[in-house]
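Protein chains in written order, with the numbering used here: chain G, 116 to 285; chain Z, 5 to 497; chain F, 228 to 327; chain S, 22 to 688; chain X, 43 to 558.
Glycine residues also receive a C-beta, built at the ideal position from the N, C-alpha and C atoms.
Accompanying notes for the structure given below.
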Amino acid sequence: MNDITAQEYAFIVTAVIGSISAVAVVTARNVVHAALYLVVTLASVGVTFLLLGAEFLGWVQILIYVGAIVILFLFGLMLTKAPIGRDTLDNQQKWLGALVGLGVFAGLVFLIQDAFPVQDAVADAGMQTTTEMVGEAIFSRYVLPFEAVSFLLLAALIGAIVLSRKDEGN
Amino acid sequence: MPQSIDYHAILPELILAGTILLVLIADAFLPARRRWFAMPLSLVGVIATLVATLTLLGDDRSTFDGHFVVDNFALTFKLFFLAAAVIVLALSLRYIREGGFYQGEFYFLLLVSFLGCMLMPSSRDLLMLFIALELVSGPGFLMAAFRKADVRSNEAGLKFFLIGVLSAAVMLFGMSLIYGVTGGETGLNEIAAALAGLEGGELSLAYASILFVVVGFAFKVSAFPFQFWAPDTYEGAPVPVAAFLAVASKAAGFAGLLQLMFVAFIGQHEFWVPIFVFLSVGTMTLGNLVALQQTQVVRLLAYSGIAQAGYILLPFALVTDDAASNAIAFSAAIAYILIYGIMNLGAFAVVTAVSRRHPRANILDFAGLWRTAPVLAVGMTMFMVSLAGVPPTGGFWAKILIFRAAIERGGDLGIWLAVAMLVNSVVSIYYYFLVPRQMLFKDPERDERLRVPVLVTAVVGLAMVALLAIFVLPGPFADVADLSVFRSLAVGG
Amino acid sequence: MIRLPLVLVFSALLFSAGVYGVLARRNAVMVLMAIELMLNAVNVNLIAFAAQLKDVGGQVFALFVIAVAAAEVGIGLAIVILLFRNRESINVDEVSLLKW
Amino acid sequence: MVGVLAAETAEGAEHAAAAANWFVQNAWLIPLLPFISGVLTLAFGRRTPGKGPVYGILAVFAALVLSLGVLWSFVQGGGPYERTADWFTVGPLHLEAGILVDGLTAVMVVVVTFVSLMVHVYSIGYMHGDVRYTWFYVVLSLFTGAMLLVVVSNNVIQLLVGWEIMGVCSYLLIGHWFEERTNSNAAIKAFITTRIGDVPMMFGFFALIAATGFTTTNIGETTEAIAHGEVSTLFVTAAALLLFGGTIGKSAQFPLHVWLPDAMAGPTPVSALIHAATMVAAGVYLVGRLFEVFVVAGEDVLFVVSVVAAITMLGAAILAIAQDDIKRVLAYSTLSQLAYMVAGLSLGEEGFTAGFFHLFTHAFFKALLFLGAGAVIHAVHSNDMSDMGGLRKSMPVTFWTMLIGSLALAGIVPFAGFWSKDELLVVANDTGTTWLFVMFLGTAFVTAFYTARMVLLTFFGEFRGHGHPHEAPASMTGPLVLLAAATVGVGVLGAPQLGAVFSEWVYFGHPHEAHFVMWIAAISTLGAVLGIAGGWALYRQRKDPDPMQQALGPVWTVLVHRYYIDDFYMAAIVRPIRDRVSAGIDWINQNVIDGVVNGAALLTRALSRVVAWVDRNVIDGAANAAGGVTGTTGGLLKYLQSGNVQWYAVVLFVGVIALTIVFTRVA
Amino acid sequence: MTWENSAITITTFLPLVGALVIMFVPKDRDRLIRGLAIAVTGVALVFAIAIAVGFDYGTDGLQYELNAAWIDAINVRYHVGIDGISMPLYVLTFLLAFLCAIYTWRFLPEPGRPKVFVSLMLLLITGMAGTFISFDLILFFVFWELVLVPMYFLIGIWGSANREYAAIKFFLFTLFGSIFMLLGFLGMYFRSDVGGQHTFDMLELQRFAQGGGFTEGFQLVVFGAIALGLAVKVPMWPVHTWLPDAHTEAPTIGSVLLAGIMLKMGTYGFIRIAIPLLPEGARAYAPWIGLLAAIGIVYAALACLAQRDLKRLIAFSSVGHMGFVMLGIATMTEIGFQAAIFGMVAHGVITGMLFFNVGSIYDRYHTREIAAIGGGMSQKMPKLASTFAYVSIASLGLPGLAGFWGEVMALLSSFNPNAALGLDEGLFRVFMVLGGIGTILTAGYFLWMLQRVNMGTLPDRWKDAPLADTLAIEWLSWVPLLLLIVVLGLYPRLVFGMTDEAVAGIVENLTRFFGG
């Protein structure tokens with residue numbers, strides 16, 4: 116018995132939107148459009164998180180990605196005077212790329228279907244995870260990687276500055 | 005769930021982290037001329053870390069629910085990384101100073117990478133392995149592009165970055181699936197347990213995800229067909245960085261791979277052994293054959309490094325149900341990694357010195373080196389001979405040990421792998437002797453002495469002595485490798 | 228509520244789209260975007276499993292992935308900009324001074 | 022250590038039938054002395070007054086005295102005596118250094134030491150002022166020592182040692198004046214040719230040793246093992262023939278005779294000692310020493326021997342007729358005389374004594390002839406008889422002595438040659454080998470003829486050379502006189518009328534009763550006289566061209582070209598091997614064998630190129646192809662350059678997918 | 043550590059120590075460096091002789107034995123010792139080393155650098171000496187390879203015009219061979235089972251083999267592999283092609299040591315390792331070894347006739363002489379082995395000396411082209427010429443000189459090969475005949491060479507060239523060899539006496555193994 120729940124409806128809609136925009140991201144003629152499609156995709160992913168009951172992650176997704184990362188991209192695009200126009204956006208091997216992409220998709224879908232058949236998948240209520248739970252986990256068992264990541268971010272920050280800044284010498 | 009943390013276990017990492025911050029801060033306050041102080045500072049920090057690590061020798065510790073372990077395996081690698089760090093720092097000093105780089109930042113990034121290396125062999129958890137890997141790579145991307153003015157360097161960075169991130173993504177996808185099929189496990193031992201119970205579709209999905217995960221590390225160790233970035237990056241990056249990538253970062257990759265394969269996925273060996281047969285043979289063959297064509301020493305070393313990676317991958321392909329022979333293979337791999345590190349660092353040290361006169365460091369630029377810089381020439385010859393696996397050098401034992409593992413494994417597979425390796429070794433001799441040939445038999449185009457930084461000379465001498473020592477007394481060395489084998493294998497888990 | 232396979236298929240699609248992007252896009256920034264798609268696919272997987280298994284670990288993992296992704300983007304853009312400054316173009320397929 | 026490396030001087034058992042006197046017991050001194058003198062000469066010769074001959078002469082004289090002492094013991098009816106000392110051991114094979122002294126040995130040592138002494142003295146005058154005067158004496162002494170070593174050896178290996186050392190000394194002396202290429206050529210020719218004979222002989226020795234199961238090399242024991250051991254007759258026959266190879270080489274029998282005439286390039290005293298009296302006789306001695314093997318091998322082998330001897334005998338004698346070089350005349354005569362001896366031995370036990378008696382006499386008169394010829398050459402500074410003539414007035418001593426020698430050679434009573442030849446004829450007759458009897462006679466006739474020719478052309482008629490030849494110094498004439506005396510005297514030792522004491526010293530099996538057959542003596546003398554008469558008729562007055570030339574016509578040309586045998590060897594064997602075959606081998610070495618190896622190396626490198634090419638053009642090139650699909654020209658150009666990271670990415674994913682499909686066994 | 047168990051270790055490593063010491067001598071102290079080399083090798087020689095004197099030749103066992111743990115991981119042991127077979131070669135090694143050191147006092151080819159040269163030479167010596175005393179396969183292999191590197195540099199740096207090609211060729215050839223050899227060793231290791239443990243120890247392996255431990259099929263394969271490795275070093279036809287090049291290009295010292303000792307390592311390996319440890323293989327391969335040896339003898343002699351380069355000619359002659367050695371070994375008889383060892387020593391002394399001569403000739407004429415020299419050497423340099431002639435004649439196997447015994451005994455042994463192994467008599471007699479032909483040709487090319495170099499008249503172009511006759515330093519380094527040539531010739535017991543027992547032991551085992 117599989118009755119489609121409300122969340123599932125919502126998810127399917129989100130997923131469809133997200134998927135379409137995802138494809139759009141990698142096919143758009145215009146870089147800025149691509150960036151905007153990316154926003155939509157990421158947002159839909161965030162919504163998916165919420166639907167899956169991962170509130171904290173959902174908001175983080177929306178805030179960090181939509182709020183920060185995409186902005187970074189836009190800056191990048193501007194700084195590099197990204198050209199507008201189809202022919203220059205794709206390289207000569209896009210058909211090959213398409214082929215590979217489809218291959219990957221097909222393969223994955225097959226594997227997934229093989230592992231978790233849709234028909235006998237049950238849709239039970241996922242648990243509501245609260246921010247505390249996440250936080251607790253991070254600061255007990257995952258504190259070490261947490262620190263490590265902070266160093267990674269620090270390094271990225273410093274390095275990015277070093278590399279991207281114009282220095283007088285050269 | 006919240007439990008007390010064993011701070012002694014993570015002391016080395018803490019000290020290193022402290023050093024990193026210190027370097028960063030100090031750099032901000034150092035006057036331009038004094039920027040290079042960052043190096044001695046880092047050196048001190050690293051040595052402190054070394055000491056701290058030594059204090060851990062002997063007993064096994066584990067913390068964070070056994071997801072962070074300090075055992076012989078971890079310690080061996082940590083000490084190796086720290087030694088490598090010392091050497092890379094030594095190589096960097098002049099190079100970075102005279103190359104007009106951002107010194108403080110450079111050392112900062114370098115140390116962060118090494119922090120990642122330090123974490124790698126202790127991580128018994130997918131997440132931590134992932135983080136450690138990124139921690140090694142991230143700064144690596146940046147350092148590869150560190151010769152800002154040079155387009156080649158930029159390219160090196162970009163290629164390294166793209167391939168790196170890409171393979172990371174694939175790996176992550178694999179990890180996520182594993183997380184799923186194992187019912188939410190990320191600890192390696194738990195995963196092993198969980199995987200044991202799988203069958204049918206979930207199993208095949210697990211297989212696929214194991215493959216994805218392997219990809220991530222295969223990239224790191226530049227195994228065929230994920231090796232493309234290596235030559236380009238080594239060529240473009242600053243030489244010390246290339247040295248770091250070729251030795252430390254590669255070793256870190258292997259450290260991770262060893263843990264994954266021999267702990268988490270050991271149960272599935274009949275699935276992934278064929279993969280490693282393919283990876284190993286493919287890698288060594290491609291590396292050797294393409295190396296024959298190289299004209300630049302760094303690229304030569306890159307391909308030789310690929311070939312060597314192939315040899316190191318061979319023990320993975322030898323895994324069977326027999327714990328004893330697995331243990332032999334395991335220790336062979338470790339031994340090879342360590343020796344490989346010594347000879348490669350030595351070689352890169354020489355290149356660093358030569359590149360001061362010949363930035364591109366073509367093989368031809370080494371002509372008559374034994375007139376202009378005898379020590380380097382002798383050293384380089386030694387390293388090449390060792391890489392070729394010819395006595396009287398440590399490289400000889402390295403090969404013998406792998407060989408022995410293959411034979412002990414027995415069966416057609418063992419024999420054929422041994423033969424494959426043998427054939428490859430023979431082929432490799434040719435190109436390894438291209439360089440000594442230039443250095444010893446050709447005349448330099450100008451016969452003035454090459455000024456060699458003291459530290460570089462020291463490194464070269466050290467490496468030579470080490471290789472000779474290992475050749476003469478491989479016993480203790482082999483013991484170290486044996487000790488580093490996981491308890492789980494040693495007792496036959 | 229939501230059946231796992233559906234979510235997984237969604238993530239698979241994101242991932243494949245990313246793959247295509249990485250292979251087909253010339254502009255380095257676009258390539259970065261594609262990579263972000265792939266990473267997001269990973270997160271979707273993690274969250275889905277986490278929900279299915281009622282385990283917080285997946286969420287934590289996802290959190291780390293996000294953080295790392297952010298770092299990667301930063302690094303990537305820095306390199307791209309550096310490249311752009313030196314050669315007035317960031318078309319990946321022109322990046323080929325280094326060759327066999 | 023010392024125990025093993027120091028020779029145990031413990032002597033092997035002394036096998037002495039009758040009381041052996043002191044000289045016999047210490048016969049080992051005989052070869053030793055010349056060796057020592059050789060070393061001394063080499064060390065101090067240049068610095069001693071007279072530049073060195075003194076050592077050699079003293080040593081050889083001492084040796085002669087000892088030899089006479091040895092002979093004396095047999096005159097008194099002493100028996101054979103053997104004495105050995107350990108030399109070394111190789112596995113089962115136990116080698117001894119030792120001496121075996123019997124009648125044969127006794128006679129040989131006397132001959133060798135006597136002639137050698139003569140030559141030593143003679144050379145003082147003849148070699149005076151030579152560039153390598155001292156060196157000459159060094160080698161002369163070494164040779165004498167080696168020859169004596171051969172003669173006294175009691176085992177084949179020791180014999181082989183002496184044998185080869187003789188060869189080298191001969192090589193060195195023939196090439197003494199090596200500035201002339203012809204001389205060095207002759208030297209090499211001599212060494213190699215004899216060596217060709219020596220190798221089979223060595224194998225023959227091996228056969229002997231093998232017959233004893235590789236335990237000993239002692240001549241007595243080995244021959245015993247051959248004779249009564251369990252070895253197939255084929256084995257024995259083969260062994261005998263192999264051994265005879267040595268004789269063919271050293272005693273210059275057909276077909277290996279070619280080296281001896283050329284060997285005349287050496288100084289004349291050398292020709293006298295080595296290439297007439299002693300070394301060439303060693304071949305004959307070898308057969309005698311190992312005679313038991315031949316006897317056991319039986320008729321067939323002996324027949325082969327006799328055939329070889331017969332061919333050489335007559336062929337060489339005839340060649341002697343056509344020679345202008347006086348030394349070559351003597352050389353060919355030596356060939357044929359040696360053949361006499363071999364033929365004699367081929368007659369079996371009866372011939373044994375006769376053969377060696379001829380060896381004995383021949384040594385004296387042939388040495389005499391050579392030294393005489395040397396004196397002549399010394400006087401006229403030419404070897405060619407066309408530059409001589411009428412010398413009997415200017416150098417009487419030489420003339421008379423040489424005359425004696427010639428008569429002996431021609432076989433005229435009462436000179437030595439007559440008795441020995443006569444013996445041979447008698448034996449041939451007794452054994453009923455008529456054909457050989459005829460050969461002997463024929464050769465005797467020819468011999469007489471060319472001898473006469475030689476004497477006449479040299480000492481009669483007008484002097485045709487340049488300058489004023491005069492008699493040689495005393496150091497040279499002295500030996501001539503002594504040898505002449507000997508030539509006259511030694512005959513009696515074998516004269517049946519006088520009891521033929523020789524046959525009591527030298528015999529095989531039981532002493533052989535020599536007897537005189539009047540008619541045979543008559544016939545042989547008649548033949549000799551006829552020959553001389555013919556010679557007198559043709560050469561009393563020298564005519565140009567040589568009367569025989571018209572007489573023989575084309576045959577003469579054949580003779581001048583030595584039956585073309587040398588030319589044949591040169592063209593068919595020496596040059597092809599030395600020049601063409603070797604060059605071919607060298608070519609093969611460089612291009613085939615080495616080629617294979619280098620080829621393998623090249624192959625690997627080629628393979629690497631292929632792979633690198635694949636890297637460049639397939640992996641990246643596929644990208645170019647992909648580019649080609651939607652190829653804008655610019656795009657194409659762009660894609661022609663490699664190192665494209667996105668292509669790397671494609672390979673990465675294709676790799677992943679491929680691995681997945683290949684290795685993930687989807688249920 | 044008593045003298046008994048440390049003697050050979052000390053002696054063997056003495057040169058190495060010397061090399062290390064020399065490395066710390068400032069390189070402008072030229073004389074000091076060369077002097078040190080002479081001193082070190084001299085002391086080593088004295089030690090070696092002391093060892094030889096103290097040796098008990100009455101038994102076939104190991105003496106001065108030392109068997110210490112080395113690499114427990116794969117049960118490799120530092121097992122050294124010396125027996126009658128090793129002894130002569132061991133002593134010879136140090137003798138030649140000493141003489142080379144003396145020779146180097148004056149003669150050092152371009153580009154000079156005595157420090158490096160001498161150090162490499164000493165390293166080389168340790169390596170060579172080591173191979174003769176190793177009784178552990180890996181130890182043996184290590185020394186074996188140790189020799190490779192310094193020789194590679196000696197040729198490659200101090201060689202003549204075409205040195206580089208020669209050096210690399212030499213290196214790759216021998217390395218190629220030795221890899222197969224190593225394979226063979228490992229094969230034996232893993233097949234061996236001594237007390238439930240694999241072993242590399244030769245003696246234990248020999249016992250194991252005697253007990254029929256190795257199957258015949260296995261032995262065929264492994265013997266093939268090892269034989270290939272050894273044959274390259276010997277060198278046997280047709281894998282000899284590296285030798286002429288290496289010799290032609292190598293500096294005098296290099297040639298002397300190469301011909302004098304290094305080649306022996308191969309033949310020694312056959313007697314010490316291949317045959318005792320793999321009797322079945324030995325039996326199967328003996329005829330083929332014999333065949334190749336016989337071919338090699340004739341082939342080399344013919345090739346010599348075609349050589350224009352003096353040094354190359356002598357190099358080829360080495361191939362022929364080693365052919366006799368291998369022929370002796372192929373017979374698997376006591377006489378054969380004895381002959382082989384004697385042949386090795388004799389060839390070491392004679393050919394070593396020949397290369398000294400050629401080196402000095404080159405030093406005078408600055409060419410090795412026989413045609414360019416053009417004869418008449420005896421006129422200008424009688425001493426040099428006569429030593430050259432003397433040694434050449436020794437080399438063509440004149441009885442009474444060293445060269446004779448090796449050849450004649452080898453041929454004698456091939457008259458009747460070891461029956462216990464069922465070797466075909468007729469076949470080996472054919473080899474014997476070929477060998478005999480070889481001796482004739484050998485005489486041919488040597489005499490021809492002498493004719494073209496020594497004899498004749500000095501060409502005008504050399505008339506006023508400064509051709510100095512043999513120098514004092516040359517006499518110093520030659521006289522021992524010149525004497526040894528005649529001493530060995532007259533008194534072969536010097537070697538046969540040493541090797542007798544040990545060889546007897548090996549052949550006994552061999553024969554017993556086949557129930558003879």
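Start-to-end residues for the alpha helix (DSSP H) that takes in residue i
i        : result
Z/Gly144 : 130-148
X/Asp405 : 376-407
Alpha carbon of residue i to alpha carbon of residue j, nearest angstrom
i        : j        : result
S/Glu117 : S/Phe312 : 21 angstroms
Z/Val140 : Z/Ser117 : 4 angstroms
S/Ala106 : X/Gly100 : 21 angstroms
X/Ile339 : S/Asp123 : 41 angstroms
X/Leu532 : X/Lys425 : 23 angstroms
Chain S contact for residue i (CB, 8 angstroms cutoff)
i        : result
F/Val249 : yes
is_contact[residue i, chain G] using C-beta, thresh 8 angstroms
i        : result
S/Val613 : no
Where residue i meets chain F, residues with beta-carbon distance less than 7 angstroms
i        : result
G/Ser279 : Ala305, Ile308, Leu309
Test: residue i CB closer than 8 angstroms to a CB of chain Z
i        : result
S/Val677 : yes
F/Ile293 : no
CB contact below 8 angstroms: residue i versus chain X
i        : result
S/Leu114 : yes
Within chain S, partners of residue i - CB distance below 9 angstroms
i        : result
Z/Leu192 : Within chain S, no residue comes near Z/Leu192; the closest Cβ sits about 21 angstroms away, beyond 9 angstroms.
In chain order, each alpha helix (DSSP H) run of at least 4 residues that lies wholly inside the stretch 341-416 of chain S = DSSP runs (the alpha helix (DSSP H)) wholly in the stretch 341-416 of chain S: 347-367, 370-401, 412-415.
Taking only runs of the beta strand (DSSP E) that begin and end inside the stretch 27-70 of chain Z, which ones reach a length of at least 3 residues, in chain order?
-> Complete beta strand (DSSP E) runs here, min 3: 65-67.
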